[in-house]
Amino acid sequence: MCQRNVAFNSHLAASGGNVVKVRELDWLKDNLCTDPEVPFSWSEEDISDLYNHTTIMLAAEVFYDDDLTDALFETLFRLAHKMKNACTAILSVEKRLNFTLSHLDVTCEAYDHFYSSLHQLEKHRDGQLRFTVEPVEASFPQYLVYERIRQLELWKIFVEPVT
0 MCQRNVAFNS
10 HLAASGGNVV
20 KVRELDWLKD
30 NLCTDPEVPF
40 SWSEEDISDL
50 YNHTTIMLAA
60 EVFYDDDLTD
70 ALFETLFRLA
80 HKMKNACTAI
90 LSVEKRLNFT
100 LSHLDVTCEA
110 YDHFYSSLHQ
120 LEKHRDGQLR
130 FTVEPVEASF
140 PQYLVYERIR
150 QLELWKIFVE
160 PVT
């Protein structure tokens with residue numbers, strides 16, 4: 000399905016002379032998969048390109064499980080420490096409202112965990128990187144037709160070296 004999606008949308012990147020490469024990024028593993036037998040594994044050249052040239056990372060529709068949310072933020076943190084350039088991560092999250100028996104009310108626990116993780120990252124101080132978090136106002140023109148709902152949020156994390 001991934002290959003089909005890339006083929007279907009490749010004209011969007013080709014017009015600017017760009018190339019789409021798909022690589023596996025398993026948030027639950029500390030290392031990138033370099034096994035050439037595994038589809039979408041990383042070559043040494045891919046890894047070098049990732050760390051030396053990446054300036055933007057995207058994650059959308061992935062914040063629905065607390066363990067995976069934690070793993071994503073740990074992966075973002077780990078990758079950012081290896082990158083040579085400042086980078087920006089754009090995250091999209093939809094608040095999923097659910098009635099929970101534990102609260103006997105409509106809540107959004109996965110979003111609450113995401114929001115807490117976002118601000119923990121911003122408060123992190125290790126003397127090497129600074130993480131600046133800010134919401135992105137969804138007032139920009141739409142390229143694709145979709146419904147912008149109030150529960151859909153965009154967040155920007157700017158990562159830069161501490162000087």
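Each residue of the sequence shown is one higher than the last, beginning at 0 in numbering that gives the first Met the number 0.
Idealized CB from N, CA, C, for every residue including glycine.
As the structure is a computational prediction, the values presented were derived from the model and not from experiment.
Arg77 carries a helical assignment under DSSP once its states are collapsed to helix, strand and coil. Contact between Ala58 and Leu71 holds, since their C-beta atoms are separated by about 6 Å, short of 8 Å. For Thr87, the pairing in a beta bridge is given by DSSP as Ile55 and Phe157.
Straight-line spacing of the CA atoms in Asp45 and Val158 works out to 21 Å. With contacts defined by Cβ atoms closer than 8 Å, Cys1 and Val21 form a contacting pair. Residues of the same chain with a CB within less than 6 Å of the CB of Glu152, apart from the 5 flanking positions on each side, are Val92 in chain order. Secondary structure of Arg3 (DSSP, three-state): helix.
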